[in-house]
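A.B. asks: The structure is given below, and queries will be raised subsequently.
Protein chains: 2
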Amino acid sequence: MGHFGKRDDLVVHQEEPFNAETGPESLTDPVTGTDAFYVRNHGPVPELDPDGWRLRVGGMVERELTLSLKTLHEAFRHRTVTATLQCAGNRREGLIAIRDIPGEAPWGPGATGTASWTGVALGDVLALAVPSGDASHVGFEGADSCPEARPVQRFGGSIPLDKASRSEVLLAWAMNGEPLAPVHGAPLRAVVPGYIGARSVKWLERIELRSEPWPGYFQHVVYRLVPADGIPGPGVGMSLGLVALNSDVLSPRDGETVTAGRVEVRGYAFAGGDRHVARVDVSTDGGASWTQAELLEDLGRWAWRQWHITLDLAPGEHELVVRAWDSSAATQPEDEAALWNPKGYVNNARPRIRVRAIRA
Amino acid sequence: MGHFGKRDDLVVHQEEPFNAETGPESLTDPVTGTDAFYVRNHGPVPELDPDGWRLRVGGMVERELTLSLKTLHEAFRHRTVTATLQCAGNRREGLIAIRDIPGEAPWGPGATGTASWTGVALGDVLALAVPSGDASHVGFEGADSCPEARPVQRFGGSIPLDKASRSEVLLAWAMNGEPLAPVHGAPLRAVVPGYIGARSVKWLERIELRSEPWPGYFQHVVYRLVPADGIPGPGVGMSLGLVALNSDVLSPRDGETVTAGRVEVRGYAFAGGDRHVARVDVSTDGGASWTQAELLEDLGRWAWRQWHITLDLAPGEHELVVRAWDSSAATQPEDEAALWNPKGYVNNARPRIRVRAIRA
Numbered sequence: 547m548g549h550f551g552k553r554d555d556l557v558v559h560q561e562e563p564f565n566a567e568t569g570p571e572s573l574t575d576p577v578t579g580t581d582a583f584y585v586r587n588h589g590p591v592p593e594l595d596p597d598g599w600r601l602r603v604g605g606m607v608e609r610e611l612t613l614s615l616k617t618l619h620e621a622f623r624h625r626t627v628t629a630t631l632q633c634a635g636n637r638r639e640g641l642i643a644i645r646d647i648p649g650e651a652p653w654g655p656g657a658t659g660t661a662s663w664t665g666v667a668l669g670d671v672l673a674l675a676v677p678s679g680d681a682s683h684v685g686f687e688g689a690d691s692c693p694e695a696r697p698v699q700r701f702g703g704s705i706p707l708d709k710a711s712r713s714e715v716l717l718a719w720a721m722n723g724e725p726l727a728p729v730h731g732a733p734l735r736a737v738v739p740g741y742i743g744a745r746s747v748k749w750l751e752r753i754e755l756r757s758e759p760w761p762g763y764f765q766h767v768v769y770r771l772v773p774a775d776g777i778p779g780p781g782v783g784m785s786l787g788l789v790a791l792n793s794d795v796l797s798p799r800d801g802e803t804v805t806a807g808r809v810e811v812r813g814y815a816f817a818g819g820d821r822h823v824a825r826v827d828v829s830t831d832g833g834a835s836w837t838q839a840e841l842l843e844d845l846g847r848w849a850w851r852q853w854h855i856t857l858d859l860a861p862g863e864h865e866l867v868v869r870a871w872d873s874s875a876a877t878q879p880e881d882e883a884a885l886w887n888p889k890g891y892v893n894n895a896r897p898r899i900r901v902r903a904i905r906a
Numbered sequence: 547m548g549h550f551g552k553r554d555d556l557v558v559h560q561e562e563p564f565n566a567e568t569g570p571e572s573l574t575d576p577v578t579g580t581d582a583f584y585v586r587n588h589g590p591v592p593e594l595d596p597d598g599w600r601l602r603v604g605g606m607v608e609r610e611l612t613l614s615l616k617t618l619h620e621a622f623r624h625r626t627v628t629a630t631l632q633c634a635g636n637r638r639e640g641l642i643a644i645r646d647i648p649g650e651a652p653w654g655p656g657a658t659g660t661a662s663w664t665g666v667a668l669g670d671v672l673a674l675a676v677p678s679g680d681a682s683h684v685g686f687e688g689a690d691s692c693p694e695a696r697p698v699q700r701f702g703g704s705i706p707l708d709k710a711s712r713s714e715v716l717l718a719w720a721m722n723g724e725p726l727a728p729v730h731g732a733p734l735r736a737v738v739p740g741y742i743g744a745r746s747v748k749w750l751e752r753i754e755l756r757s758e759p760w761p762g763y764f765q766h767v768v769y770r771l772v773p774a775d776g777i778p779g780p781g782v783g784m785s786l787g788l789v790a791l792n793s794d795v796l797s798p799r800d801g802e803t804v805t806a807g808r809v810e811v812r813g814y815a816f817a818g819g820d821r822h823v824a825r826v827d828v829s830t831d832g833g834a835s836w837t838q839a840e841l842l843e844d845l846g847r848w849a850w851r852q853w854h855i856t857l858d859l860a861p862g863e864h865e866l867v868v869r870a871w872d873s874s875a876a877t878q879p880e881d882e883a884a885l886w887n888p889k890g891y892v893n894n895a896r897p898r899i900r901v902r903a904i905r906a
């Protein structure tokens with residue numbers, strides 16, 4: 547066991563704050579085990595006393611609330627949603643390979659994972675607080691102090707009220723049927739399916755109804771897509787929110803040597819937002835022709851879709867290219883280099899791997 | 547004036563049934579004039595008597611309804627939404643240039659347009675009918691008999707109940723402030739913002755709450771994305787619904803000769819679904835570097851976004867490439883050839899045009 551009860555096969559990018567991605571083997575599980583689930587932290591894990599902990603709901607509401615865990619449990623309907631969380635920096639290593647991105651972790655394909663989350667609908671809590679007519683964003687603030695922020699501040703972010711009111715957005719106290727672990731946000735975290743992981747704020751202590759998006763560092767300065775020739779700064783670029791359609795190959799690994807003949811290829815695809823994965827194609831001729839992969843278990847509209855395909859590979863070098871399609875019939879862009887951006891977010895280029903097939 | 551009160555500069559693809567796209571000049575207007583708006587018909591325009599016309603709402607409902615126009619006007623709140631409609635075959639000409647698609651019209655960039663639509667929310671009408679618990683799709687059937695269908699049938703299609711219940715989905719009797727013209731669906735049509743035009747059923751006579759998507763020809767057989775090597779048929783491929791992120795260059799035109807120096811480039815972009823256009827980039831070096839275009843008037847979340855940029859073009863040949871980004875930070879795919887499909891739908895490749903700049 548590594549830190550925080552995690553398996554040893556996590557790829558640790560940073561010890562303090564703890565940042566680690568799910569290992570390649572665990573990524574092919576439809577639901578990611580809690581001990582294998584990625585962690586993206588911006589500060590030390592806060593140690594909160596669940597009995598003394600309170601959630602405050604304020605800002606543009608008719609009625610301010612202060613809620614204990616006990617009240618959350620007793621006053622609202624319990625809900626469980628299976629949802630994929632994905633860090634906006636997932637697959638950044640592909641962008642770093644093109645041009646370095648100093649100060650940012652080289653996340654591979656494992657800054658994502660799928661779990662079942664249990665708690666109450668944020669919308670049910672908001673209904674009790676009664677947002678005022680001018681409220682259009684719901685801000686979340688955690689208990690974690692983040693030294694990297696300027697000025698130093700707690701982690702926070704907001705989502706549109708329209709999304710916040712939908713039943714899939716949870717205030718969750720359990721993950722995969724177990725009480726939330728401290729490293730995943732105990733005693734309570736937001737879970738915002740379809741949005742970048744940064745909006746699923748952990749160690750949640752305060753909800754603020756607002757007329758504008760969250761003004762803090764983690765939404766107004768970072769987690770923004772800045773043009774390749776831009777300089778990150780307050781309000782520069784596009785605030786990230788919905789996850790963009792993405793996919794990756796999990797097996798075989800890039801550069802792996804396999805036995806020629808029938809080779810099973812596995813991976814994941816995630817449509818993001820409220821879209822679903824409609825199709826996944828694999829090409830062995832650089833994109834000139836495509837074969838459809840089989841989509842595996844459907845875990846519902848908020849989860850990734852695992853896929854596999856069996857290819858017949860002759861001895862020699864092969865390049866595999868994959869493209870996922872979402873429910874609008876949109877597919878991924880080809881050129882990874884043209885997606886490079888100063889903070890290294892949203893690498894959703896079609897994954898490409900090279901494998902060498904040798905005779906048995 | 548051409549057919550049906552349309553301007554002469556529409557590009558007519560077929561006289562009967564009438565199919566014509568908006569001309570290049572009119573496409574740069576933020577709101578498309580009704581006399582310039584594209585028409586996609588599958589049968590002759592029905593001539594309906596508005597006094598005798600009734601809308602029937604049935605299927606999986608607690609209460610069947612038969613509604614006159616007068617009742618629709620008087621019993622429900624009137625709403626106006628500015629929305630872009632886009633045919634799934636928009637920009638098909640680019641796919642046909644790669645490989646012929648017999649029997650399908652070579653739509654250019656003008657099988658799309660933006661209008662203000664006035665009527666009542668479909669959701670308000672559904673609330674009166676009370677969908678049963680098993681209902682999850684809302685089917686629309688028009689009065690138009692379509693000879694191309696097998697078997698011959700009225701045009702129809704469905705959308706998910708979840709979408710149908712949202713306030714932007716209208717039963718509309720007016721377009722751009724005038725009573726709906728017969729060619730656009732008088733006396734009443736569906737308007738489903740963010741969905742392919744085929745779901746905005748014209749000459750609407752029947753709404754059916756269902757547990758499954760529409761089984762008719764225009765959803766179960768066509769308007770489906772079939773893999774390049776597939777054969778269209780019942781249930782084959784992916785049913786289209788949400789419009790995929792798209793854009794095109796409107797001025798200059800591909801192949802045009804311009805005066806070297808400052809050249810204004812204009813176009814549109816449309817995010818589809820409930821997403822918005824977040825950015826549009828233009829490249830003059832084949833995609834190695836990009837400059838952001840200026841986004842023009844924001845007509846709201848259901849409308850396209852016009853854009854423009856002024857480039858400094860030296861004398862000689864130039865290729866311009868454009869890519870739009872949606873609010874999930876997803877951008878368009880590069881390779882038009884790899885989007886070819888047997889029915890020629892969803893060409894959302896990054897538009898490329900060639901211009902020749904000559905000295906003044």
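The listed protein sequences correspond, in order, to chains A and Z. Under the working numbering, think of the first position of the first sequence as 547, with each following residue one higher. Under the working numbering, think of the first position of the second sequence as 547, with each following residue one higher. Positions of the beta carbon are idealized from the N, C-alpha and C atoms, including for glycine.
#1: Assuming A:Val789 and A:Phe816 are in contact, meaning their beta carbons sit under 8 angstroms apart, how far apart are those beta carbons, in whole angstroms?
#2: Taking only the alpha-carbon atoms, compute the straight-line gap between A:Ile705 and Z:Gly589 and give it to the nearest angstrom.
#3: Strictly by DSSP, which residues pair up with Z:His822?
#4: Using the C-alpha atoms, what's the distance from A:Asp820 back to Z:Gly740?
#5: Closest Cβ-Cβ distance between A:Gly635 and chain Z: below 8 angstroms?
#6: Are the Cβ atoms of Z:Ala860 and Z:Ala903 separated by less than 8 angstroms?
#7: When DSSP builds the beta bridges, which residues end up paired with Z:Thr580?
#8: Determine whether the Cβ of A:Leu641 lies closer than 8 angstroms to any Cβ atom of chain Z.
#9: For A:Ile647, count neighbouring Cβ atoms within 10 angstroms of its own Cβ and tell me buried if that reaches 16, exposed if not.
#10: Any beta carbon of chain A sitting closer than 8 angstroms to that of Z:Trp850?
#11: Report yes if the C-beta of A:Leu556 is less than 7 angstroms from at least one heavy atom of the ligand ATP; otherwise report no.
#12: Can you give the Cα-Cα distance for Z:Ala875 and A:Gly776, rounded to whole angstroms?
#13: Measuring straight from C-alpha to C-alpha, what distance separates Z:Leu631 and Z:Val698?
#14: Under 8 angstroms: do the region 655 to 669 of chain Z and the region 622 to 642 of chain Z share three or more Cβ pairs, one atom per stretch?
#15: For Z:Asn636, which of Z:His854, Z:Gly669, Z:Pro655, Z:Ala895 has the nearest alpha-carbon?
#16: Look up Z:Trp663 in the DSSP assignment and give the residues it is bridged to.
#17: For Z:Ser873, go through chain A and note every residue whose CB falls closer than 7 angstroms to its CB, in chain order.
#18: Who are the neighbours of Z:Trp836 on chain A, taking C-beta pairs under 9 angstroms?
#19: Which residues in the same chain have their Cβ closer than 6 angstroms to the Cβ of A:Thr805, if we skip the five residues on either side of it in sequence?
#20: DSSP puts A:Ile753 in a beta bridge; with which residues?
#21: I want to verify the contact list: residues of chain A whose CB lies under 8 angstroms from the CB of Z:Glu714, in sequence order.
#22: Pair every Cβ in the region 607 to 620 of chain A with every Cβ in the region 675 to 691 of chain A, then say whether three or more of these pairs are closer than 8 angstroms.
#23: Near Z:Arg752, which residues of its chain fall below 6 angstroms by C-beta distance, leaving aside the five closest residues on each side in sequence?
#24: Cβ atoms of A:Gly723 and A:Gly762: under 8 angstroms apart, would you say?
#25: Should A:Met784 be flagged as near chain Z, meaning a C-beta pair shorter than 8 angstroms?
#26: Would you check if the distance between the CB atom of A:Gly569 and the CB atom of A:Ala895 is smaller than 8 angstroms?
#27: Could you tell me the distance, in whole angstroms, from the CA atom of A:Ser797 to the CA atom of A:Phe564?
#28: Would the region 548 to 556 of chain Z count as touching the region 866 to 881 of chain A if we require 3 or more Cβ pairs under 8 angstroms?
#29: Does any residue of chain Z have a CB that is nearer than 8 angstroms to the CB of A:Val795?
#30: Could you pull the DSSP bridge partners for Z:Glu810 from this structure?
#31: What is the C-beta distance between A:Ala634 and A:Tyr891, in whole angstroms, given that I count them as a contact (C-beta under 8 angstroms)?
#32: Can you say whether Z:Ala689 is buried or exposed, counting buried as having 16 or more other CB atoms within 10 angstroms of its CB?
#33: Please report whether the beta-carbon of Z:Val684 lies at a distance below 8 angstroms from any beta-carbon of chain A.
#34: Per DSSP, A:His864 is paired with what?
#35: Could you name the residues of chain Z that A:Pro879 contacts, counting a contact when the two beta carbons are closer than 9 angstroms?
#36: Considering only their Cβ atoms, is the gap separating Z:Arg712 from Z:Gly669 smaller than 8 angstroms?
C.D. replies: According to the structure shown:
#1: 6 angstroms
#2: Each residue's alpha carbon lies about 45 angstroms from the other.
#3: Note: Z:His822 sits in no beta bridge, so no partner.
#4: 13 angstroms
#5: Closer than 8 angstroms to the CB of A:Gly635 there is not a single CB belonging to chain Z.
#6: yes
#7: Answer by DSSP bridge pairing: none, since Z:Thr580 is not bridged.
#8: no
#9: buried
#10: no
#11: With respect to the ligand ATP, the structure offers nothing, as it holds no ligand at all.
#12: A direct Cα-to-Cα measurement between Z:Ala875 and A:Gly776 gives close to 16 angstroms.
#13: Cα to Cα, Z:Leu631 sits roughly 25 angstroms from Z:Val698.
#14: yes
#15: That would be Z:Pro655, whose Cα lies nearest to the Cα of Z:Asn636.
#16: Z:Val627, Z:Met721
#17: Gly787, Leu788
#18: Pro773, Ala774, Asp775, Ala884
#19: Ala906
#20: A:Val603, A:Phe686
#21: What Z:Glu714 touches in chain A: nothing, since even the nearest Cβ is about 12 angstroms away.
#22: Touching, per the Cβ criterion.
#23: Arg602, Glu687
#24: No, they are not a contact pair.
#25: yes
#26: A:Gly569 is not a Cβ neighbour of A:Ala895, given a cutoff of 8 angstroms.
#27: 27 angstroms
#28: no
#29: Not one beta carbon of chain Z lies nearer than 8 angstroms to the beta carbon of A:Val795.
#30: Residue pairing of Z:Glu810 in beta bridges, as defined by DSSP: Z:Thr856.
#31: 4 angstroms
#32: buried
#33: no
#34: A:Val901
#35: Arg869, Ala876, Thr877, Gln878, Pro879, Glu880, Arg896
#36: Against a cut-off of 8 angstroms, the Cβ pair of Z:Arg712 and Z:Gly669 comes out as a contact.
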